[in-house]
Amino acid sequence: MKPGPTVQVPTREDPWEMALRQFNRAADHLPLKRGIREFLVYPHRELTVNFPVHMDDGSVRVFTGYRVHHSTVLGPTKGGIRYSTHVNLNEVRALAMWMSWKCALMHLPYGGAKGGVAVEPKQLSRGELERLTRRFATEISVVVGPQSDIPAPDVGTNDQIMAWIMDTYSMHRGHSVPAVVTGKPVSIGGSAGRREATAARTRKFALEGAQVVVQGFGNVGSVAAYLLHDQGCRIVGLSDVYSGIFNPAGLDPRAVLEYVAQTGRVEGFPGTQTVTNTELLELPCDILVPAAIEGQITRANAAQIKAKIIVEGANGPTTPDADDILTDRGVFVVPDILANAGGVIVSYFEWVQDLSSLFWTEEEINARLEPIMVQAFKGVVRLAAEREVDLRTSALIYAVRRVADALLVRGIYP
Ligand code: GLU
Numbered sequence: 001m002k003p004g005p006t007v008q009v010p011t012r013e014d015p016w017e018m019a020l021r022q023f024n025r026a027a028d029h030l031p032l033k034r035g036i037r038e039f040l041v042y043p044h045r046e047l048t049v050n051f052p053v054h055m056d057d058g059s060v061r062v063f064t065g066y067r068v069h070h071s072t073v074l075g076p077t078k079g080g081i082r083y084s085t086h087v088n089l090n091e092v093r094a095l096a097m098w099m100s101w102k103c104a105l106m107h108l109p110y111g112g113a114k115g116g117v118a119v120e121p122k123q124l125s126r127g128e129l130e131r132l133t134r135r136f137a138t139e140i141s142v143v144v145g146p147q148s149d150i151p152a153p154d155v156g157t158n159d160q161i162m163a164w165i166m167d168t169y170s171m172h173r174g175h176s177v178p179a180v181v182t183g184k185p186v187s188i189g190g191s192a193g194r195r196e197a198t199a200a201r202t203r204k205f206a207l208e209g210a211q212v213v214v215q216g217f218g219n220v221g222s223v224a225a226y227l228l229h230d231q232g233c234r235i236v237g238l239s240d241v242y243s244g245i246f247n248p249a250g251l252d253p254r255a256v257l258e259y260v261a262q263t264g265r266v267e268g269f270p271g272t273q274t275v276t277n278t279e280l281l282e283l284p285c286d287i288l289v290p291a292a293i294e295g296q297i298t299r300a301n302a303a304q305i306k307a308k309i310i311v312e313g314a315n316g317p318t319t320p321d322a323d324d325i326l327t328d329r330g331v332f333v334v335p336d337i338l339a340n341a342g343g344v345i346v347s348y349f350e351w352v353q354d355l356s357s358l359f360w361t362e363e364e365i366n367a368r369l370e371p372i373m374v375q376a377f378k379g380v381v382r383l384a385a386e387r388e389v390d391l392r393t394s395a396l397i398y399a400v401r402r403v404a405d406a407l408l409v410r411g412i413y414p
């Protein structure tokens, strides 16, 4: 079933294939029995729902959505909900697996999950978006809950959509359940610092005057761009789903945000040259932040990337073939599960605050976030040197080992 209007996208490497290849690379470094290795890799549960929504023109449209729990070994599952025409079961599976490794690497008491609806949210009215969200929340409520599976924003979703999910779940329960979802508005139990957290750690890699290109101008890319700008970096290129903009003299991301609020896209921002998303990735720069979607840096373009450092704001932006090319060329890749983990860490803080009904200041949030990220980064760098592997493989070895250890201690039921 293919619901709704679809936007043409180039064929991308299958994300699930990518996730499996990455997992196998890491798992080969660990003494895992075959059955344990198999159990670690396959998604634990997968829910597919087809559901109707009343459209403004009086018609009814059926949409397809998913919620996948990859691993429940370390705790309740955690992971975002994505609204995009790309969404399919394999994409959600891969994203759920990456959440398992990200949570394990950051020592969060969570397994990994992900959800999504195949829809272009920009083509829906606000009313349609709310009805779709409330119906999808109801459909997945059989597997979601504050003690079992806690969604959050991802590509194409935001704090308003989280508010509708929280409200829908609460209406069914008869009382407010803020801890069922994170990334909510602060007024209903969201956390200080959540919005900026996903991108915050890119600061560590920022150098005064470094030239930066950011692909994607959503929840992660826009924040990464202005935080890096505030740190003295020169943002020379930016892009959204339509196209990119380039100005070697640098541009102000906050001014671009204002421009996008008016025009709906980055193209045409005064003083910039328009480039395609492909050209954007190959622009001369020191740091490249792919913060759009998976499968952007591939065998086809990895050799042309000029950046010396790649900080993965998106999940899965680099394919395993591209990883090999970049490693050979000495490009320093900070992998997704390390680079963008700030978001889920502050999600964890939000959940803890909601469960305890006691809220922390932004200073407290940042003071707790910092040591978790620094410790994970040091651990990954140390293990990479020990095993003589790249940072992605190191991060995955670390994370998979943590889940495997917990699984062995828990034992196989019955
Ligand atoms: N979607 C975000 C991610 O990929 C956040 C997940 C969460 O906070 O649960 O990490």
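Residue numbers (the numbering used here): 1 to 414.
For glycine and all other residues, C-beta sits at the position ideal for the given N, C-alpha and C.
Please read these numbers as outputs of a predicted model, since none were measured by experiment.
Alpha-carbon spacing of residue i relative to residue j, whole angstroms
i	j	result
Ala197	Asp149	21 Å
Leu288	Ile305	9 Å
Pro10	Ala367	In this prediction, Pro10 has a pLDDT of 46, which is less than 50 and means its spatial position is unreliable; nothing more can be read from the coordinates.
Thr182	Ser347	5 Å
Tyr66	Gln296	23 Å
Glu208	Gly232	5 Å
Val49	Pro248	47 Å
Ala104	Trp16	19 Å
Val155	Pro335	18 Å
Val331	Glu386	19 Å
Trp101	Pro284	32 Å
Tyr242	Glu267	8 Å
Arg195	Ala152	11 Å
Val214	Trp360	31 Å
Asn340	Glu312	7 Å
Gln211	Val260	22 Å
Phe217	Tyr83	16 Å
DSSP-derived helix/strand/coil call for residue i
i	result
Gln22	helix
Gln160	helix
Ala225	helix
Arg382	helix
Asn277	helix
Leu238	strand
Phe136	helix
Thr327	helix
Gly209	coil
Ala113	strand
Ile36	helix
Pro178	helix
Residue i burial status per 10 Å Cβ neighbour count (16 or more: buried)
i	result
Val409	exposed
His175	exposed
Ser416	Residue 416 is absent from the structure shown; the chain starts at 1 and stops at 414.
Glu363	exposed
Gly111	buried
His172	exposed
Ile412	exposed
Asn24	exposed
Glu91	buried
Gln273	exposed
Beta-carbon contacts of residue i that lie in its chain and below 6 Å, excluding the five residues immediately before and after
i	result
Phe377	none
Glu139	Val49, Phe51
Neighbourhood of residue i by C-beta distance below 8 Å, restricted to the same chain and skipping five residues each side
i	result
Lys184	Asp159, Met162, Ala163, Met166, Pro178, Gly190, Glu350
Ala307	Val213, Cys285, Asp286, Ile287, Leu288, Val331
Close-in-space but distant-in-sequence residues of the same chain around residue i (CB under 7 Å, 5 per side omitted)
i	result
Leu30	Ile397, Val400, Arg401, Ala404
Leu383	Ser394, Ile397, Tyr398
Val256	Leu238, Val266, Phe269
One or two residues paired with residue i in a DSSP bridge
i	result
Asn50	Thr64
Ile297	Thr318
Phe332	Ile309
Ala118	Ser84
Val289	Val214
Ala399	Looking at the DSSP assignment, Ala399 forms no beta bridge with any residue, so it has no partner.
Residue i CB to nearest heavy atom of the ligand SAH below 8 Å
i	result
Ser71	Within the structure as shown, the ligand SAH is missing, the only ligands being the ligand GLU.
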